[in-house]
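Residue -12 is where the sequence shown starts when you use our numbering, and the numbers rise one by one after that.
C-beta: ideal position from N, C-alpha, C; glycine also.
In what follows, a structure is listed as structure tokens, so that the remarks can point back to it.
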Amino acid sequence: IPLLYRVHDEPSAEKLEALREVLASIGIKLPRQGAMRPGLFNAILARVEGTAHQAFINEVVLRTQAQAEYAPENYGHFGLNLRRYAHFTSPIRRYADLVVHRALIRALHLGKDGLDASMTVAALSEIGAHISAAERRAMAAERDTVDRLIAAHLAEEIGAVFDGRINGVTRAGLFVSLNETGASGFIPASTLGGEFFRFRQAEHALVGDRSGTTLRLGDPVSVRLVEAAPTAGALRFELLTDGTLSQRGRHRRTKESPRSTQRRGKQSDAERLPRRSH
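This is the structure in structure tokens:
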């Protein structure tokens, strides 16, 4: 009897190589031989726990993982370290759960509501692809809604200073997640100071050409809210510097005089900012 599984593949070779380069930069070797196991990643996280690299490595390891999906082919769940996982949730019911219920009814001859005898692996593959896409779409909609609500809440706090952490690095600038609310905003690279910041992808960092100042994924920072665009769910920050990165993160929030975050009839700067993919 065909069945839908909740499957989670092991990380791709490309992502593992990227992780290997990051770990090598802090003196940790990731084996090239042998099968990857969740325990290996747990060991890496345990090794950096309590160090200056903890937040950075936690982020990188998380981004190395593949995304789980529904499929009739059972190739196991890497994250849970299970060879078979059918996603039998309770009390929340997803369509995949109903397929599992119907398969059980049919297999155990419990009634007439079992999986249709005409159901094929090919048909379940289409169903799995559809509900996997629907799940990702629902998660994106939830994130967009939360982003808009937070931006609306913070629109009255222009000029406030927040503690946060860098949770994304691109050539265009830095994404920062606020400790207090989890809100994510953007700092354009052009606002980082009087020097050019070079993007180093392997290190997940922007590095100042002249000063060598390094802004890396996971670094704690203090930022000032410059603009909020509730309709786009976007926030624009200004990085606050005190000479060295280690002097940031003072757990403070001050508030300057609020000003309007929108210009009538015009798109705000924040609305034109990139949004971090999750």
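Provide the residue(s) that pair with Arg152 in DSSP beta bridges, ordered along the chain. Ser164, Pro207
Segment contact, 8 Å Cβ cut-off, at least three pairs: the stretch 144 to 163 with the stretch 196 to 209: yes
DSSP state of Leu202, grouped into three classes? strand
Please state whether DSSP places Arg89 in a helix, a strand or coil. helix
Pairwise C-alpha distance: Glu129 and Gly26: 31 Å
Which of helix, strand or coil does DSSP assign to Thr132? helix
Using a Cβ-Cβ cut-off of 7 Å (strictly less than) and excluding sequence neighbours within five positions of Gly220, which residues of its own chain qualify? Asp131, Asp134, Arg135, Ala138
Would you report the Cα separation of Arg211 and Arg71, rounded to the nearest angstrom? 48 Å
Is Phe183 near Asp196, with beta carbons less than 8 Å apart? yes
Bounding residues of the alpha helix (DSSP H) (the contiguous stretch that carries Leu227): Where Leu227 is concerned, there is no enclosing alpha helix (DSSP H), although the beta strand (DSSP E) it sits in stretches over 221 to 227.
I'd like to know whether the C-beta atoms of Ile31 and Ile13 end up nearer to each other than 8 Å. no
Give the straight-line distance between the Cα atoms of Pro175 and Thr218, rounded to the nearest whole angstrom. 20 Å
Just reading off the beta strand (DSSP E) that Pro175 is part of, what are its end residues? 171 to 175
In three-state terms, what does DSSP make of Tyr82? helix
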